[in-house]
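Numbering of the sequence shown is given in the numbering used here, commencing with residue 1238 and proceeding in unit increments.
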Amino acid sequence: MHKKRPSSDGDSGSVKRACKEIAVDVPELAKSTVRIQDRKRVQEILQSIHNGGPSKLQVIADFDMTLTKFAHNGKRCPTCHNIMENSTVISEECKKQLQGLLDKYYPIEIDPKRTIEEKTPEMVKWWNEAHDLLISQKIQKDKLVLTVRESDARLRDGYRVFFDELKKQSIPLLIFSAGIGDVLEEVIRQAGVFHPNVKVFSNYMDFDESGILQAFKGQLIHTYNKREGALLNSDHFQELKNKRNIILLGDSMGDLTMADGVHSMENILKIGYLNDKVEEREAQYMDAYDIVLEKDETMDVVNGILKYITAKN
Ligand code: TMP
Ligand code: MG
């Protein structure tokens, strides 16, 4: 249900004050791409995270279409899987088949009328079929660097400030992706931002002794099983048990469960990029995410929030 803004005079007065304060603390929240259902709540979370300071903070971010752009100059940008699909390591026939899978399953992935329970088996089919196709191409490990270099992969504008600031403040960043770990690592390595504070949970390629792709390692991560992935990686969250304040960045309803493994969480601020089918999905996103960024290809708001949180009290 899409919650209505409070309507009584008293409430709307405090909401107005919250709106004012929030934009003073974080001027980027005044951007036209920003939608917030409950500004008072966001103000309170921001204040609490700010009070905790950088030493209590960790950031958990999805990769495809969250840290990377959805579109650039009107053209769609690739996901990790698309980077492989668009490259010369994949045959024309295989490209057609991967495109066919995307045409079939992507509308299901983003359909606001289907439940996650209904979508999950379809996502498992999509990922398994796509991975089988990639494996059939006998991809060589040493081609990955060039494949990424020649791709149209694009991190969001302002990504360098984001990654560098987290490193500078020793704030752990977990990139939790249903994409391909080897590919996403190469994207951030080539961008010069794969800093030591960055950890990745994703689907990793398994190469045989001669460096040919033969399988994918471990438990499959797709869009809607990130909760299970988070719970399986309890060691990571145990190490960060004192980082009880979370900023979560996602672009899918499945990304909302990425922080489910966090110990003794105190505050979480959920920021969601709404890239596609904006009108159809706005109500759902505004209910689920504290801050929704509509067709915003930048890290501006996130960087503004980090600046406020890490500023001295
Ligand atoms: P994410 O969790 O990092 O956003 O990665 C998942 C995205 O990958 C999801 O939005 C769908 C996309 N995807 C493709 O573009 N092609 C594919 O073949 C598969 C399996 C997924
Ligand atoms: Mg995504």
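Built from N, CA and C at the ideal position, the CB exists for glycine as well.
As the structure is a prediction and not an experimental result, all values here were calculated from the model.
**Prompt:** In whole angstroms, what is the alpha-carbon distance linking M1442 and K1454?
**Reply:** Their backbone Cα atoms lie some 6 Å apart in a straight line.
E1402 and L1506: beta carbons closer than 7 Å? no
Enclosing alpha helix (DSSP H) for Q1451 [first to last residue]
Not the alpha helix (DSSP H): Q1451 falls in the beta strand (DSSP E), residues 1450-1453.
Report task. Determine the extent of the alpha helix (DSSP H) in which V1539 is found, giving its start and end residues. Result -> 1537-1547
_Residue from L1421, C1331, K1306 with nearest C-alpha to D1394_ = K1306
Next item on the list: Between the Cα of I1483 and those of Y1342, V1296, E1531, spot the shortest distance and give me the residue it belongs to.
Entry: V1296
Review point. Between the stretch 1328-1336 and the stretch 1344-1351, are three or more C-beta pairs nearer than 8 Å?
Key: In short, these stretches do not touch, since the Cβ pair count stays below three.
Can you tell me the Cα-Cα spacing of L1294 and T1547, whole angstroms?
The alpha-carbon of L1294 is positioned some 9 Å away from that of T1547.
Go ahead and label Q1280 buried or exposed: buried means 16 or more other beta carbons lie within 10 angstroms of its beta carbon, across all protein chains shown.
-> So Q1280 ends up on the buried side.
* Would you say the beta carbon of N1462 comes nearer than 6 Å to a heavy atom of ligand 1? -> Incorrect: N1462 has no Cβ contact closer than 6 Å to ligand 1.
- request: To the nearest angstrom, report how far apart N1462 and G1416 are at their CA atoms.
  value: 13 Å
Looking at C-alpha atoms only, which residue of A1390, P1358, T1460 is the closest neighbour of S1324? A1390
7 Å Cβ cutoff, E1446 in contact with chain D:
The structure shown has no chain D; it contains just one protein chain.
Would you check if the distance between the CB atom of G1541 and the CB atom of Y1522 is smaller than 7 Å?
no
Subject >> Assigned secondary structure, D1443 (DSSP; H/G/I helix, E/B strand, else coil) >> reply: strand
Original post:
From which residue to which residue does the beta strand (DSSP E) around Q1295 run?
Top reply: According to the DSSP assignment, Q1295 belongs to the beta strand (DSSP E) that extends over 1294-1298.
**Prompt:** Say the cut is 6 Å; is the CB of D1275 nearer than that to a heavy atom of ligand 2?
**Reply:** Not so, every heavy atom of ligand 2 lies at least 6 Å from the Cβ.
Would you decide whether P1344 is buried or exposed? Buried here means 16 or more other CB atoms lie within 10 Å of its CB.
-> exposed
My parser needs the beta strand (DSSP E) runs of 3 or more residues fully inside the stretch 1361-1448; what are they? 1410-1417, 1435-1440, 1442-1444
Exercise for the section: Compute the distance between the beta-carbons of C1314 and L1421, then report whether it is under 7 Å. Expected result: No, they are not a contact pair.
- Message: With H, G and I counted as helix, E and B as strand and the rest as coil, what does DSSP make of I1484?
- Response: strand
Problem - CB of Q1377 within 7 Å of CB of C1331, strictly - result: no
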